[in-house]
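S.K.: Below is the structure I would like to discuss, written out as structure tokens.
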DNA sequence: GTGAAAGCGCTAACAA
DNA sequence: TTGTTAGCGCTTTCAC
């Protein structure tokens, strides 16, 4: 019960104090250019004196907007290096503030149902828009939301339906991996291996294509230098051992920091060194683990701060039904160099 | 503009469909026991058919509640292992759902001002309550909120003012470290070192007291086995080197996984092994880094899921002004064993 | 057990 | 430029 014991100022209070009507106070807030300068100032003084802030519920009811954006939080996956959500969320909330938006979190009752939770928030008019993040498994949310004409932006491309017209922001994983390959090749590596995700992962294949294409562009062979599997430490470890047993790669580019951790483990188990003088290693995501693991893991870092900014820009566009230009944004990651390469 | 093209059902719609008045529908929702069974069923059918969900803004305006809980998100600290927020947030949102609450995120304009951001949300009646998390630097928020009679719960004890009466939930770091000491001592270690935070950190000193007291309880000396400094990898590394140069500890208990990573690095640099057969190592927080770093870092894990449950319980109590019992909850962490010990 | 009336605080539309 | 009127969708109060 906020305000239990405080007489909270309302439009009426302020209007009385300033000697104007309620509507004039409302205008002072929403269309100040309509007021005569002296009236405006009088009202503003009253607002300040009384510490008035418009009541959100009343405004929401009247304008049929909440300025809230729903974000469904997926369970954090344990045993995985990433943990990007932390970094992303802060940037996102920050960007939202400038646009007068807030992030409302929700979770699914049934995690396996990608649509669960959206409907309830929508029907209760609790949010104006959604931010959809888990597009890695395709995103049925996009179609569902589009059918209902609900404003939303997705972080992640609609891989299986590239023609989808909803706004999205994504990071160019392919370009990120190319950065990694260039980095290693520039330092003289020729046998650069790829350790990545299963073929069924759109994101995984996109990143891998950066490795394949850049290797070929530089006249380097990719034969027998690729491994695909689960996003686990154990897979990275096994894959690295197998490759080191047979095909003598001198460097590894990994689809995730998690896998890179497994590769690192294999390198250590063989009494070799991860670093520029022995086996080089590059991960993906610049997770906290990459930053803190000895000797420091070189990794592709997603520009999450910029992702957040772009997402909010697109959300704003959709919310005011502004003509949407540049509704598909692809941002380029950068390589964070550390001692592993 | 949600519902732009959909005629959203309202109380009136449902009432018309069920052939009752609006209030009866409202009662069916909020006090179903008042209705005659057959009326109730008729109304419920109509609700279901029309897919009706009460409008949040209207309800909020009328009841002067939002069922929203504000949580100020602090910037994620890079180069630090923890990243607990991810895991915590999901549990929190989950628990909130059962209580009919939602989490609204906000950030500070001025990060150095611990009160920044609270006031605006409060005055606009955007949230009913707050969850305060960054109590490590003392929490002026507690006093500020208490003065204004704003419901809130803090995650973290009011260290500098133990008598503060606001509800809080915390994890017993001291007990967690005792678990670590026992684990190591049970395995024969006698020279167990502490690498922790500066004396100015309440949390750091609490954890350290677990080491001191349990060591003494077991008749083990702590002399020259303690180091205190910043929460950085570099400090952990330097401290470990210094101790290994002089005082021959056989195991390290660290105040954080970040520090443990530095110790691990030092161990590796000396050509020694982190593990049960050479130098044992225990961290704190069970970060993703601890889980993925080779060979796996034993670490004290905070029961964040339970923390979330307790926090929501206390929030509910405060929101209905229920008599508050057990408003101070201390939960015991557990030790996650891995190959580093 | 059900219905009618009032009003939460705000803004859109219009009148002065 | 300012004020008046109406009403967003809901719950509370009080008749019936």
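Residue numbers (this note's numbering), protein chains in the order written: chain A, 766 to 1106; chain B, 766 to 1106.
Every residue gets a Cβ at the ideal spot worked out from N, C-alpha and C, and that includes glycine.
In angstroms, rounded to a whole number, what distance separates the CA positions of residue 791(A) and residue 832(B)?
M.R.: As a working note, residue 791(A) is residue 26 in the first chain. As a working note, residue 832(B) is residue 67 in the second chain. Distance between the alpha carbons of residue 791(A) and residue 832(B): 26 Å.
S.K.: Using a C-beta to C-beta distance shorter than 7 Å, which residues of chain B count as neighbours of residue 1065(A)?
M.R.: By 1-based counting over the first chain, the position of residue 1065(A) is 300. Those do not exist, as residue 1065(A) stays about 16 Å from chain B at its closest Cβ, beyond 7 Å.
S.K.: Please go through the same chain and pick out, in chain order, the residues whose beta-carbon is closer than 6 Å to the beta-carbon of residue 878(A), but skip the five residues on each side of it.
M.R.: As a working note, residue 878(A) is residue 113 in the first chain. So no residue of the chain qualifies.
S.K.: Are there any heavy atoms of the ligand ZN lying less than 8 Å away from the beta-carbon of residue 1065(A), as far as the coordinates show?
M.R.: Questions concerning the ligand ZN fall outside what the structure shown contains, since it holds no ligand whatsoever.
S.K.: Starting from the C-beta of residue 1016(A), find all residues in its chain whose C-beta is less than 8 Å away, skip the five residues before and the five after it, and write them out in chain order.
M.R.: Reading the first chain from its first residue, position 251 is the one you call residue 1016(A). For residue 1016(A), where only same-chain residues beyond five positions count, the Cβ hits under 8 Å are 949, 954, 956, 957, 958, 1044, 1045, 1046, 1047, 1106.
S.K.: Measuring straight from C-alpha to C-alpha, what distance separates residue 768(A) and residue 918(B)?
M.R.: For the purposes of this step, residue 768(A) is identified with residue 3 of the first chain, where counting begins at 1. For the purposes of this step, residue 918(B) is identified with residue 153 of the second chain, where counting begins at 1. Residue placement at residue 768(A) is flagged as unreliable, the pLDDT there being 39, under the threshold of 50; a coordinate-derived value is accordingly withheld.
S.K.: Give the straight-line distance between the Cα atoms of residue 1029(A) and residue 999(B), rounded to the nearest whole angstrom.
M.R.: If you number the first chain from 1, residue 1029(A) lands on position 264. If you number the second chain from 1, residue 999(B) lands on position 234. So the alpha carbons of these two residues sit roughly 21 Å apart.
S.K.: Pick out the complete alpha helix (DSSP H) segments inside the region 971-1024 of chain A, 4 residues or longer, and give them in chain order.
M.R.: Complete alpha helix (DSSP H) runs here, min 4: 998-1011.
S.K.: What are the start and end residues of the alpha helix (DSSP H) that includes residue 946(A)?
M.R.: As a first step, residue 946(A) must be located in the first chain, where it is residue number 181. 938-951 is the span of the alpha helix (DSSP H), which, as asked, contains residue 946(A).
S.K.: Taking Cβ positions only, does residue 767(A) come closer than 9 Å to chain B?
M.R.: Taking the first residue of the first chain as position 1, residue 767(A) is located at position 2. Low confidence applies here, because residue 767(A) scores a pLDDT of 40, under 50, leaving its location unreliable; read the following figure in that light. Closer than 9 Å: yes.
S.K.: Let me know the secondary structure DSSP gives residue 924(B) once reduced to three states.
M.R.: The count along the second chain starts at 1 and reaches residue 924(B) at position 159. Of the three classes helix, strand and coil, the one that applies to residue 924(B) here is coil, per DSSP.
S.K.: Check whether the region 1068-1077 of chain B and the region 878-895 of chain B touch, using three or more Cβ-Cβ pairs below 8 Å as the test.
M.R.: The region 1068-1077 of chain B, when compared against the region 878-895 of chain B, does not touch it at the 8 Å Cβ threshold.
S.K.: Flag residue 864(B) as yes if its beta-carbon sits less than 9 Å from any beta-carbon of chain A, otherwise no.
M.R.: Counting from 1 along the second chain, the entry for residue 864(B) is found at position 99. No, residue 864(B) does not count as interfacial toward chain A.
S.K.: Give the C-beta separation of residue 794(A) and residue 822(B) to the nearest angstrom, bearing in mind that I take them to be a contact with Cβ-Cβ under 8 Å.
M.R.: As a first step, residue 794(A) is located in the first chain; it is residue number 29 there, counting from the start. As a first step, residue 822(B) is located in the second chain; it is residue number 57 there, counting from the start. Residue 794(A) to residue 822(B), Cβ: 18 Å. No contact.
S.K.: Can you grab the Cα-Cα spacing for the pair residue 967(B) / residue 924(B), in whole Å?
M.R.: As a first step, residue 967(B) is located in the second chain; it is residue number 202 there, counting from the start. As a first step, residue 924(B) is located in the second chain; it is residue number 159 there, counting from the start. Answer to the nearest angstrom: the Cα atoms are 7 Å apart.
S.K.: Where do the ends of the beta strand (DSSP E) carrying residue 1066(B) lie?
M.R.: Sequence index remark: in the second chain, residue 1066(B) carries index 301 (1-based). Its beta strand (DSSP E) spans residues 1063-1066.
S.K.: Enumerate in chain order the residues of its own chain whose CB-to-CB distance from residue 900(A) is below 6 Å, with the five nearest sequence positions on each side excluded.
M.R.: Within the first chain, residue 900(A) is the residue found at index 135, counting from 1. Same-chain partners within the cutoff: 919, 921.
S.K.: Which residue comes first and which comes last in the beta strand (DSSP E) that contains residue 798(B)?
M.R.: Within the second chain, residue 798(B) is the residue found at index 33, counting from 1. That residue, residue 798(B), is in no beta strand (DSSP E); it is neither H nor E in DSSP.
S.K.: Who are the Cβ neighbours of residue 834(B) in its own chain at under 8 Å, not counting the five residues just before and after it?
M.R.: The residue given as residue 834(B) occupies position 69 in the second chain. Correct list, in chain order: 861, 866, 867, 868, 869, 892, 893, 894, 895, 896, 1080.
S.K.: Anything in chain B within Cβ reach of residue 851(A), meaning under 7 Å, just list it in chain order.
M.R.: Position 86 of the first chain holds residue 851(A). In chain order: 841, 848, 850, 851.
S.K.: Using a Cβ-Cβ cut-off of 9 Å, state whether residue 967(B) counts as contacting chain A.
M.R.: The residue given as residue 967(B) occupies position 202 in the second chain. So, not an interface residue.
S.K.: Mark residue 810(A) as exposed unless 16 or more other C-beta atoms lie within 10 angstroms of its C-beta, in which case mark it buried.
M.R.: Residue mapping note: residue 810(A) aligns to position 45 of the first chain, counting from 1. Exposed is the call here.
S.K.: From this set, 1049(B), 1055(B), 931(B), which residue's C-alpha is nearest residue 1098(B)'s C-alpha?
M.R.: Here residue 1098(B) refers to the residue found at position 333 when the second chain is read from its first residue. Comparing Cα-Cα distances from residue 1098(B) to each of 1049(B), 1055(B), 931(B), the minimum goes to 1049(B).
S.K.: Flag this pair as touching only if the region 986-1001 of chain B and the region 1016-1025 of chain B have three or more C-beta atom pairs under 8 Å; answer yes or no.
M.R.: The answer is yes - the region 1016-1025 of chain B touches the region 986-1001 of chain B, with three or more Cβ pairs under 8 Å.
S.K.: Spatial neighbours of residue 929(B) within its chain, please: C-beta separation below 7 Å, excluding the five flanking residues on both sides.
M.R.: By one-based count along the second chain, residue 929(B) stands at place 164. Cβ neighbours of residue 929(B) beyond the five flanking positions: 907, 923.
S.K.: Quick one: which chain B residues come within Cβ less than 8 Å of residue 1026(A)?
M.R.: Locating residue 1026(A) in the first chain gives position 261, counting from the first residue. Result: 1057, 1058, 1059.
S.K.: Tell me where the beta strand (DSSP E) around residue 1090(B) begins and ends.
M.R.: On the second chain, residue 1090(B) is found 325 positions in, with the first residue counted as 1. From DSSP, residue 1090(B) is part of no beta strand (DSSP E); its letter is neither H nor E.
S.K.: Give every residue of the same chain whose Cβ lies closer than 6 Å to the Cβ of residue 1036(A), excluding the five residues on either side of it in the sequence, and list them in chain order.
M.R.: Translated into positions along the first chain, residue 1036(A) becomes position 271. Hits under 6 Å: none found.
S.K.: Among all the DSSP beta bridges, which residues are the ones paired with residue 1044(B)?
M.R.: The sequence position of residue 1044(B) within the second chain is 279, counting from 1. Looking at the DSSP assignment, residue 1044(B) forms a beta bridge with 1039(B).
S.K.: So is residue 851(A) buried or exposed if we call it buried at 16+ other beta carbons inside 10 Å?
M.R.: For the purposes of this step, residue 851(A) is taken as residue 86 along the first chain, with counting starting at 1. So residue 851(A) ends up on the buried side.
S.K.: Taking the straight line between their C-alpha atoms, what separation do you get for residue 854(A) and residue 846(B)?
M.R.: Start at 1 with the first residue of the first chain, and residue 854(A) comes out as number 89. Start at 1 with the first residue of the second chain, and residue 846(B) comes out as number 81. Those two C-alpha atoms are separated by around 17 Å.
S.K.: For residue 1104(A), collect the residues of the same chain with a Cβ closer than 6 Å to its Cβ; drop the 5 residues on either side in sequence, then sort them by chain order.
M.R.: Taking the first residue of the first chain as position 1, residue 1104(A) is located at position 339. If we look at residue 1104(A) and ignore the five residues flanking it on each side, its Cβ neighbours are 1040, 1060, 1061.
S.K.: Out of curiosity, what's the CA-to-CA distance linking residue 766(B) and residue 1056(A)?
M.R.: Residue 766(B) sits at position 1 when you count from the first residue of the second chain. Residue 1056(A) sits at position 291 when you count from the first residue of the first chain. Confidence at residue 766(B) is low in this model, with a pLDDT of 38, below 50, so the placement of that residue should be treated as unreliable; the coordinate-derived value is given next. For residue 766(B) and residue 1056(A), the distance between alpha carbons rounds to 42 Å.
S.K.: Around the Cβ of residue 931(A), are there at least 16 other Cβ atoms within 10 angstroms (buried) or fewer (exposed)?
M.R.: For this step, residue 931(A) is matched to residue 166 along the first chain. Per the 10 Å Cβ criterion, buried.
S.K.: Comparing alpha-carbon positions, which option in 1102(A), 1101(A), 1100(A), 1095(A) lies nearest residue 933(A)?
M.R.: Working through the first chain from its first residue, we reach residue 933(A) at position 168. Minimum Cα distance to residue 933(A) is reached at 1095(A).
S.K.: Going by Cα to Cα distance, which pick from 849(B), 978(B), 941(B), 979(B) is closest to residue 1102(B)?
M.R.: Looking up residue 1102(B) in the second chain gives position 337. Residue 941(B) is the option with its Cα nearest to residue 1102(B).
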